[in-house]
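Peer 1: Using my numbering, you'd call the opening residue of the sequence shown number 47 and step up by one each time.
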Amino acid sequence: MSPVYEATTEWAQAHDAADPLGAFRSEFLIPPHEGRDGHYFCGNSLGLQPRAARAAVNAELDYWGELGVEGHFKGRLPWMDYHEFVRDHLAELVGAQPNEVVAMNTLGVNLHLMMVSFYRPTPDRHAILIEAGAFPTDRYAVESQIRYHGFSPALSLIELESDEPNGTISMGAIERVLTEHGSRIALVMLPGVQYRSGQAFDLQAITELAHKQGCTVGFDLAHAVGNVPLQLHDSGADFAIWCSYKYLNGGPGAVGGAFVHDRHARATLPRFAGWWGHDKSTRFQMGPEFVPTPGADGWQLSNPPILSLAPLQVSLEIFHRAGMQRLREKSLKLTGYLEWLVQSQLPDALEIVTPRETERRGAQLSIRVLGGRSRGRELFEYLINRGIIGDWREPDVIRISPVPLYNQFADCLAFASAVRDWQM
Ligand SMILES: *Cc1c(COP(=O)(O)O)cnc(C)c1O
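(1) Compute every distance between the C-beta of C261 and the non-hydrogen atoms of ligand 1, then say whether any falls below 7 Å.
(2) For V337, which residues of its own chain have a beta-carbon under 8 Å away from its beta-carbon, when the five flanking residues on both sides are left out?
(3) By DSSP, does A232 sit in helix, in strand, or in coil?
(4) Any beta carbon of chain B sitting closer than 8 Å to that of L380?
(5) Is D266 helix, strand or coil when you go by DSSP?
(6) Please state whether the Cβ-Cβ distance between D284 and Q250 is less than 8 Å.
(7) Report the option in I176, V274, K292 whose CA atom is closest to the CA atom of L22.
(8) Throw me the rounded Cβ distance for the N471 and Q454 pair, which I believe falls under 8 Å.
(9) Less than 8 Å between the beta carbons of A99 and P357, yes or no?
(10) What first and last residue would you give for the beta strand (DSSP E) that runs through V306?
(11) What separation, rounded to the nearest whole angstrom, lies between the Cα atoms of Q259 and V443?
(12) Ignore the nearest five residues each way along the sequence and tell me which others in H129's own chain have a CB closer than 6 Å to its CB.
(13) For S190 versus L315, is the C-beta distance shorter than 8 Å?
(14) Report the rounded CA-to-CA distance for S198 versus G228, giving the unit in angstroms.
(15) Are there three or more Cβ pairs, one per stretch, closer than 8 Å when the segment 341-349 is compared with the segment 68-80?
(16) Would you tell me roughly how many angstroms separate the C-alpha atoms of P96 and G282, rounded to the nearest one?
(17) Among Y109, R133, I215, G68, which residue has its Cα nearest to the Cα of P401?
(18) For T253 and S354, what's the separation of their Cα atoms in angstroms?
(19) Would the C-beta of K120 count as close to ligand 1, meaning under 7 Å from any of its heavy atoms?
(20) Could you check what DSSP says for S281 in three-state terms: helix, strand or coil?
(21) Count the other CB atoms, across all protein chains shown, that sit within 10 Å of the CB of W321; report buried if there are 16 or more and exposed otherwise.
(22) Kindly indicate the opening and closing residues of the beta strand (DSSP E) around E106.
(23) So, does the segment 58-73 touch the segment 355-374, judging by three or more C-beta pairs under 8 Å?
(24) Just to confirm the assignment: which complete beta strand (DSSP E) runs, minimum length 3, are found wholly within the segment 144-170?
(25) So, for F131: in the same chain, excluding its five sequence neighbours on each side, which residues have a beta-carbon less than 7 Å away from its beta-carbon?
(26) Can you give me the start and stop residues for the beta strand (DSSP E) that V415 sits inside?
(27) Within this structure, are the beta carbons of P334 and T381 separated by less than 8 Å?
(28) Going by DSSP, what residues sit across from L276 in a beta bridge?
(29) What are the boundary residues of the alpha helix (DSSP H) that includes W57?
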């Protein structure tokens, strides 16, 4: 059932023209190169700007100018409840109940706030499991939490080593580490999609294995949200966190998100509290006693930054219209085309690091440049000069992410043509 691909402009253009989601591209600003649309493959790092984002931000600036403090209660989307206007679409996107998600803070902050509640080490059970080579923030955050509780990373940080070629991790390896060390692991903290390898993980299977060992489970969905379909509620995970400037196109430094499973909605977990997490019905009585709002909202600290929520609201509305399932269907074809081009046209220049199985990856392919670092850097610079924007990961990997909302088959072909020209 794999589609029949061809490395021709005609094939790429015909499939772009027939793409049922093709019109969404025009809702985004595509960074130009020499007067034409560039080939942007960096949605895994910073998603492109929805055209409607500017008007949404300007509208809030206008309300501020016209209404002052009354903007909390008036305007199209009153600021008082602003984070609630993104909630339903966010819940839909990550497969959660609306009370399980909240848009707040940024990823690193949310990771710490969640660990305050969900990393509760005891003398017998104090370890955190992460993957070897985790993103620096995640590693720094878990190490600092371990130290904060008086333990030492040397004893309490367990790094899951890759057991497959190219640095990916099998479910068997996850099962083995949990069987061996599960009784001393307090928290399993793994990615939805690993940022370097592009490997996607089975959140439900991991959660089941970890819960069986009595561990709490959290996921970092920085590279998964808006990229692969998620069923967070059904996964059973205790919590998850993400940022919104990658596949979610929320803009640089956009407001991140958190998921707290419904089973914890009314639990009296320890937490770092703030007035915006206080029960909404009595928040403005300004009483001394903190009564958390049930659900993920109860973890909020501050009233939200409206100017950076406005583009996220726009972006989530686009995801709602496109539908994550349809986006995934297109994503499989787009990334499949890129994979086919690399393997059939460029086998002597490039090697794909990301798993072959489609259920073990999202949009991103991590592509190793054969011949070492300097050759890799040379190709990377060459691609930039041709208007092809990926990103570089030491020592020899270029990450290329065709994003189904705005990338085309023609972009993938342009990448392959440029690599071939560079080889000659
Ligand atoms: C992008 C990313 C981050 C970034 O964290 P911020 O707090 O948003 O700066 C953290 N962890 C992972 C895995 C990421 O991919």
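For glycine and all other residues, C-beta sits at the position ideal for the given N, C-alpha and C. Note that this is a predicted model, so its numbers are computed, not measured.
Peer 2: By the coordinates alone:
(1) As a first step, residue 261 must be located in the sequence shown, where it is residue number 215. Outside the cutoff, so no.
(2) Walking along the sequence shown from the start, residue 337 turns up at place 291. Cβ neighbours of V337 beyond the five flanking positions: H324, D325, T328.
(3) Your numbering for residue 232 matches position 186 in the sequence shown. Looking at A232 - three-state DSSP - the assignment turns out to be strand.
(4) No chain B is part of this structure, which consists of one protein chain only.
(5) Against the sequence shown, residue 266 aligns to sequence position 220. Strand.
(6) The residue you call residue 284 lines up with position 238 of the sequence shown. The residue you call residue 250 lines up with position 204 of the sequence shown. Going by C-beta atoms, D284 is not nearer than 8 Å to Q250.
(7) Here the chain comprises residues numbered 47 to 470, so residue 22 is not present and cannot be evaluated.
(8) Residue coverage of the chain in this structure runs from 47 to 470, which leaves residue 471 outside it and unanswerable.
(9) On the sequence shown, position 53 is the one that residue 99 refers to. On the sequence shown, position 311 is the one that residue 357 refers to. Their beta carbons are under 8 Å apart, which means A99 touches P357 by this criterion.
(10) The residue given as residue 306 occupies position 260 in the sequence shown. It spans 303-306 - the beta strand (DSSP E) in which V306 sits, taken as one unbroken run.
(11) To locate residue 259, count along the sequence shown from 1; it is residue 213. To locate residue 443, count along the sequence shown from 1; it is residue 397. Q259 and V443: Cα-Cα distance of roughly 36 Å.
(12) Walking along the sequence shown from the start, residue 129 turns up at place 83. If we look at H129 and ignore the five residues flanking it on each side, its Cβ neighbours are A149, P350.
(13) Here residue 190 refers to the residue found at position 144 of the sequence shown. Here residue 315 refers to the residue found at position 269 of the sequence shown. The answer is no: Cβ separation not under 8 Å.
(14) As a working note, residue 198 is residue 152 in the sequence shown. As a working note, residue 228 is residue 182 in the sequence shown. Each residue's alpha carbon lies about 18 Å from the other.
(15) no
(16) Stepping through the sequence shown from its first residue, residue 96 is reached at position 50. Stepping through the sequence shown from its first residue, residue 282 is reached at position 236. Near 33 Å, if we compare the C-alpha coordinates of G282 and P96.
(17) If you number the sequence shown from 1, residue 401 lands on position 355. If we check each option's Cα against that of P401, I215 comes out closest.
(18) Within the sequence shown, the letter at position 207 stands for residue 253. Within the sequence shown, the letter at position 308 stands for residue 354. One C-alpha to the other measures close to 32 Å.
(19) The residue labelled residue 120 in the question sits at position 74 within the sequence shown. No, Cβ of K120 sits at least 7 Å from all heavy atoms of ligand 1.
(20) The sequence position of residue 281 within the sequence shown is 235, counting from 1. Helix, per DSSP.
(21) Translated into positions along the sequence shown, residue 321 becomes position 275. So W321 counts as exposed.
(22) Here residue 106 is taken as the residue at index 60 of the sequence shown, counted from 1. Taken as a continuous stretch (DSSP letters only), E106 belongs to no beta strand (DSSP E), being part of the alpha helix (DSSP H) at 98-113.
(23) yes
(24) 147-149
(25) In the sequence shown, residue 131 corresponds to position 85, counting from 1. So the list reads L123, Q359, once near-sequence residues are dropped.
(26) In the sequence shown, residue 415 corresponds to position 369, counting from 1. That run of the beta strand (DSSP E) goes 411-415.
(27) The count along the sequence shown starts at 1 and reaches residue 334 at position 288. The count along the sequence shown starts at 1 and reaches residue 381 at position 335. Not a contact, by the Cβ cut-off of 8 Å.
(28) Taking the sequence shown and counting its residues from 1, the one referred to as residue 276 is at position 230. None; L276 has no bridge partner.
(29) Locating residue 57 in the sequence shown gives position 11, where the first residue counts as 1. Per DSSP, W57 belongs to the alpha helix (DSSP H) from 55-63.
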